[in-house]
Every structure is written in C-alpha cells, then in structure tokens.
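Q: Just so you know, the sequence shown maps onto residues 104 to 223 in the numbering used here.
We put the CB at the ideal spot given by N, CA and C, even for glycine.
Below is one structure. I have some questions about it.
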Amino acid sequence: MISGKFGDEDELFFEIDLIAADGLEIPVEALFDTGFSWWLAINNQDLEALDWIYVEQQTMLTAQGDAEFDIYLGKVRIDEQDFDIPVHVGEAVPEVLLGRQWLKTRRLVVDMPLGALTLG
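Shown next as structure tokens:
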C-alpha cells in the first residue's frame, strides 16, 4: 500500500519513483488527478533524464481544449512494485500526474480525520 498526503488545497499527493532507461530512480511527488483517465502524465522537460522509448503521438481533450501528447513507454515504481506503462508527455503538464487507470489495479483509501491516505 502506498501512503500519500494532502496538499495545501486538499489535493492528493503520492511519492513514486520514475525509473530511467539506465536504471536511475528519480523520486517525485505525483498529484492524483481524477480528471486524467490514463496512467501517468509528465512535462516534456522531465522526460530528458529518463530516455524512455517513444511510442506515438495522441490528441487528448483537456480542460484547456485539445492538446498533443507524446506517448512513451515508461517505468515507475509504486509501493516497491515496478510497472511498465504508457506515459503521456506534454508541454502544459504542471505536475507529475497519476491518473484513474491506477484505480483499476490499486485501491484508494482516504482517511480524512487522521490525515492519512493510501493507494494499494
């Protein structure tokens, strides 16, 4: 089970590792975004150190309208488990985003009174 925390505006953050092609592990705080229907989204500047494999380009509808995303095959570690997943990479991604696909494989438990939350 992965533990997370609430941000200043009650957003949900989880610590995950982005794993570069050379095995370098980069810990990041990822924002859980229920409006994002895929696995993970990152800014194109974050991609440079990872050297992930390009797959294709995809147009997606965002809150700001249609946007182009490059799809890469990425590797992440969540709760000491590695996952090979498609990663959406774009210019206007302000934070590392975890999307709703994780809810198909992990359970989200939020305990507001204690301030703890888990995804596992």
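1) Measure the alpha-carbon distance for residue 141 versus residue 211 and round it to whole angstroms.
2) Measuring CB to CB, does residue 116 end up less than 8 Å from residue 133?
3) Taking the alpha-carbon positions, what's the residue 159 to residue 172 distance?
4) Under three-state DSSP, which class holds residue 167?
5) Determine the closest residue to residue 157 out of 147, 186, 118, 138, with distance taken between C-alpha atoms.
6) Going by the DSSP bridge assignment, what does residue 146 pair with across the sheet?
7) For residue 122 and residue 168, I'd like the C-alpha separation in whole angstroms.
8) Considering only residues of the same chain and omitting the five flanking positions on each side of residue 149, which have a CB-CB separation below 6 Å?
A: Let me spell this out:
1) 16 Å
2) yes
3) 9 Å
4) coil
5) 147
6) 193
7) 30 Å
8) none
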